[in-house]
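To keep things clear, I will list the structure first and then write my remarks on it.
Protein chains in written order, with our numbering: chain A, 24 to 408; chain B, 24 to 408; chain C, 24 to 408; chain D, 24 to 408.
If you want it as structure tokens, here you go:
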């Protein structure tokens, strides 16, 4: 396969937030081209979206089912290679399953599905079909998060003792779903978002970050979810105490009612010998702290980083890369993996370092567990997947 | 009283950390002079400490009992006005009670006492004797913390919804009490520190900060304390979920095993309309966040601050004041209050804004409650004083 | 023109730094596709580069002359629309002139040309041919730099008094051109870089930034250039005092021997009423300072910014965009302008806000002036273009 | 001498800014007591000031001449040991000379005198009388500035190549001397301030910082001073290019019209191997940068610092010390030196590390040189003392 990968998109029509992000992330590195799409459940809107994206009208579809079926029937040198699914949560499972069963690889926005049950079923589809599957936990794509994971794995910090992860936002401080705000509307609607609001939307990112960086797995939780804004149907705030499989403990909090906060997901991990700290607002920096030595400022794009961090940067130090590049790293690694498989070439471990079905299932289990824990009077609840 | 206040010190001999801090804080503003001391339970050490402080040998005592009795018998124009008590926790109640009962005002290091019971008894002594009593919750002395409290009280942030307070340290990451480290030794010893380690030492500061800035009171807690370092006798790490009397919720964490962390106590408070953020490492700055406007950087020493913040700064903006000045603010306000009372002059509300017995009792109740909560399987426990 | 713009690239083969950056910037927003290239003066290298970019072999050329001639002869529905020129400075004028004279629009890396004379000649070509011409002064593409310019223009800061711009790098601290480092080699070689090293490479960016943000023009300079690293043939460090056409003064410094510095171009502008500060390491933030009010933190992606800042951001606040997006803003605005002209649609002023021939000529004049000024004993030299 | 040093103060009455600062700095460490003063040229004001400071009325004088003469006649166990002179610049030479000639040591606010000639004369008095003399260049008292100087001296950064120092303030952005602002009035008045305004007030601090940290001496300058605010009699802004005795070059700028700036003096020094950066707004941090390693964050109060930094800190890391402690370090080192000399004990090199007459003369020469340089058309002027 000596060509760009051909992407079809499901969802992401005009006014959608995350669809446009996925397209930038997919296109940026010249590995992928957008060839078709079913951009909206509204056929007219899908058509207009396709036009604005300069797609050929015959590759713009009214439904995802039509797209998958039609594309599957196109000749090899024309049909799409994979789909990118950027719909609300209740429309994740259907298109992902259908796409894989029709031979297409899949990039899927998080959380994986509407329910944990669906997630487990989807994992079986992944396994059965052998397709390449990527779940877009964007924050794991940052080069300094890669570095953080490698540092913990190297043992330099000693045994990990504490993991603090936080994800404060303020955009749902008012009853925004009451106005005509599309993003707020579906995220606070149990029919489209699932049983959790804030915890599904951003808590799952924080959970993924905690496990990805620490290399540990959560084994018990104690959750307290809140509906802070009156009239809201789903949690807009929550705190979860964590116990990990090595005995470490931690705190995860996510909130969408921290007035004035933007989107500054942050993680701190402490071991016996040192600690590390990263936050999205200074994404190209990783602070590395030591018991008896000066804190070090590790910076993206420098020569002293691991192969995982270096592979996921495009520019030398001091040319800040951001959220879109972190996102693009997922797409690039997915594309490199898919192409290598197609060409029966070796897949480098750095390429394979993107979230997949296992992370997706753990995320869905997290959602179900925190909702359940929050309802009980018991402090700790085992977390098992 | 047209003279400096005369201070006697109990504890704070050579090698003590906090005694030296108290002396700097007391002397800095020219309101107080050190005239006598019982600096150590070791008489020789007390004597040497007094010498190093240029005290007259006849004002350096072997025990606090001797000091209080002797000073009480000195003529009015010579005897001390108040004592500053900077001993380990198990030697707080005795000297404080005795001093007040002999007519001396008291500055007392936190936590108030060894047990909650002692604290309640001490409060009755305060009430009975009518002495001025100051508990050194240092962090409430920072001008931008004063400003934060005033801002919340003004209602500009709307009803408070979330309070996050954290106090990470790393200095007890190893089993330091095993070496010859005096600070570590008594703080991890239940016989001198009380039933809590980290929670008594720094958790109480965080708790005081949360209530002081928010103007709210904690009504329920869910605590999880840890002994992270093997062999340690008291908690060195803990997290407490908080519910407040207005329905707000929050998180408090304090740890002494966050390797590489110094002492960066930090608070964030969010209301319906905005939020604020302060951390000790940038103590002269208060971030004020809004739903739809740029975050504002409020700075100590500027002209736009409240009378409470202005009163507690000595320099114009851009001349950083720090921990010692925050501490000195407690002493200065205490001294201004004592002098005004002595002179039967009006006491300004800004001067009275230092922590006293009520804060002390709440702190002791916090210690007992988090230890109890941490032992139960129930999630929430009412917090009542 | 209801399709992507078709780009041909000159230079930017394997191992080139800036070529890869230009391609990411061009592709990211789905407005442009890469259709052909003459990627190297080495035909084989050009071919391999084209392959790696998935180009059709018949669209990969051995020389830029061949490319321009051949593409000009292709049918309308196939031939490229514009060229992106990313060669060393001595190969700017030739391809830019030839491309425009063959009817192609041009994106050109800075500095504009090898000499001021060439720049003036090229401007005449732009005027004569009427082509759209964009010079990639990347930093003017940052949304918060757009906001800074708009703020100054609005008069809110009052008359501008001081402009400080600095551009510290450290990568040429050693005699790197002696090793096999391609970037260092041509940038320190007078035959490829021109009469200035550091001042041409990054001093011109700083100069552009100063004039762009302040809206002023430099009228006098006092320059002091240095060759710090022994054996180097061109300046690697320089300071320039500035006088502006409204009476304001300023300082520009650029250095490539500030060991440990990355690439943190920074600008501060002060007027009678307030000041602003921006630096690339925190690119999504603009500090706005006032005489008697708190400093405000303006952030990219928020709702309170000017149309110029908003147009040049892709994500909501808190999703950091960086250098590549700033670069992409130049390409996107160029593409929007070219397409609108082609479609005879109105060109919005926000789209036209990219650097062109005038900025290029001023930059080349700056290079010549600072080299001349540095050689004289006189303090001030008029700066005229 | 087993007692506190006895200080007399000249100047620093009610409403004075710097006098109050000096008193806090002198008292904080329990090494010094204030025993007498001539606080104002207005006898009544001096008296009231003495009362507010709880001084005995017979030790409050109407003029400095009276104070020095009277104190000199007091018995040894009563009379002052040294004077602290905090008057405007035109009243520096007289009291300093008289005090030393009457056997008193001297702490003198900067700049040393009204003219360079006076400074040279005063240095001769220092030498002739053998008194201990301290000039309060406050910023050299910060522990991390001590560390910076030691790091440069250690050679770890290699030969120094660049020195950047800046001192931006904004408080004179308006014609403040026209209102009833005492600080502005004398600082902008040539009769009290001398031939320079901004350059004398804060430029001298920046100059001292540059030489102190780099360990180098300035040998040539190119200055450009401005009177930005209409009607002002002295410079309120200036830039000075610097050449040092080892071939390094640098930039110094100081301004009092950078609207919205507070007092953030900042220095950056770069050598062949690395660089360092410090700014007052984050005074407890020193950034140490390297060619190929992560930047290190050196922090005051840690265990890995030099004896010079450690000696000048009072608290463990994370308890921020600030401007007043930096100031107090000058007084403490002065007091330790005076006492050791009195007791014929060895004086530790760390104690002697405070600015004296040589720094004072260089500062006065700097003022005269920048004023002269600014008036010429020649670029460079030799700087000789």
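Glycine included, C-beta positions come from ideal geometry on N, C-alpha and C.
Fair warning: this is a prediction, and the values are worked out from it, not measured in the lab.
Taking the CB atoms as reference points, tell me whether residue i and residue j lie closer together than 8 Å.
i                      : j                      : result
residue 303 of chain D : residue 343 of chain B : yes
residue 341 of chain A : residue 287 of chain C : yes
residue 248 of chain C : residue 213 of chain C : no
residue 338 of chain C : residue 346 of chain A : yes
residue 71 of chain B  : residue 37 of chain B  : yes
residue 104 of chain A : residue 57 of chain A  : no
residue 135 of chain C : residue 383 of chain C : yes
residue 331 of chain C : residue 170 of chain C : yes
residue 405 of chain B : residue 320 of chain C : no
residue 51 of chain D  : residue 97 of chain B  : no
residue 242 of chain A : residue 268 of chain A : yes
residue 110 of chain B : residue 33 of chain B  : yes
Comparing C-alpha positions only, which one of the options sits nearest to residue i?
i                      : options                       : result
residue 216 of chain B : B:242, B:105, B:247 and B:387 : B:387
residue 122 of chain D : D:31, D:111, D:136 and D:132  : D:31
residue 265 of chain A : A:255, A:181, A:334 and A:240 : A:240
residue 94 of chain A  : A:59, A:80, A:68 and A:111    : A:59
residue 401 of chain C : D:299, D:365 and D:245        : D:245
residue 381 of chain C : C:356, C:158, C:29 and C:35   : C:158
residue 233 of chain B : B:273, B:82, B:154 and B:311  : B:273
residue 61 of chain B  : B:52, B:51, B:74 and B:50     : B:74
residue 184 of chain C : C:63, C:197, C:238 and C:359  : C:238
residue 155 of chain B : B:106, B:176 and B:173        : B:106
residue 63 of chain A  : A:168, A:108 and A:24         : A:108
residue 349 of chain A : A:34, A:24, A:48 and A:40     : A:48
Check the Cβ of residue i against every Cβ in chain C and list those closer than 9 Å, keeping chain order.
i                      : result
residue 326 of chain B : 315
residue 162 of chain A : None at all; the shortest Cβ gap to chain C is about 11 Å.
Using a Cβ cut-off of 8 Å, pull out every chain B residue sitting near residue i, in sequence order please.
i                     : result
residue 75 of chain A : In chain order: nothing, as chain B lies at least about 29 Å away.
Please compile the residues from chain A whose C-beta is within a distance smaller than 9 Å of the C-beta of residue i.
i                     : result
residue 44 of chain C : 337, 338 and 342
Report the neighbours of residue i on chain C: residues whose CB is nearer than 8 Å to its CB, in chain order.
i                      : result
residue 156 of chain D : Correct list: empty, because the minimum Cβ distance to chain C is about 35 Å.
Anything in chain D within Cβ reach of residue i, meaning under 9 Å, just list it in chain order.
i                      : result
residue 285 of chain B : 322, 324, 325, 339, 340, 341 and 342
residue 25 of chain B  : 74 and 77
Whose Cβ in chain A lies nearer than 7 Å to the Cβ of residue i?
i                      : result
residue 278 of chain B : 185
Can you pull the chain A neighbours of residue i, defined as C-beta to C-beta under 8 Å?
i                      : result
residue 193 of chain B : 293, 298, 312 and 314
residue 402 of chain B : 245, 247, 399, 400, 401 and 402
If the cut is a Cβ gap below 8 Å, which residues of chain D does residue i touch?
i                     : result
residue 51 of chain B : 47, 50, 51 and 347
- Item | the stretch 280-288 of chain C in contact with the stretch 182-200 of chain C per 3-pair CB rule at 8 Å | yes
- Item | Residues of the stretch 299-324 of chain A whose Cβ lies closer than 7 Å to any Cβ of chain B, in chain order | 312, 313, 314 and 318
- Contact between the stretch 137-151 of chain A and the stretch 107-118 of chain A: three or more CB pairs below 8 Å? yes
- Message: For the structure I just gave you, are there three or more beta carbon pairs, one from the stretch 81-96 of chain D and one from the stretch 387-401 of chain C, closer than 8 Å?
- Response: no
- Compile a chain-ordered list of the residues in the stretch 244-278 of chain A whose CB is closer than 8 Å to at least one CB of chain B. 245, 247, 249, 251, 260, 262, 264, 272, 274, 276 and 278
- Short-range partners of chain A found in the stretch 195-209 of chain B, where Cβ spacing is below 7 Å: 196
- Message: Using a Cβ-Cβ cutoff of 9 Å, what residues of the stretch 101-131 of chain D are near chain C? List them in chain order.
- Response: none
- Where the stretch 54-69 of chain D meets chain C: residues whose CB sits under 8 Å from a CB there: none
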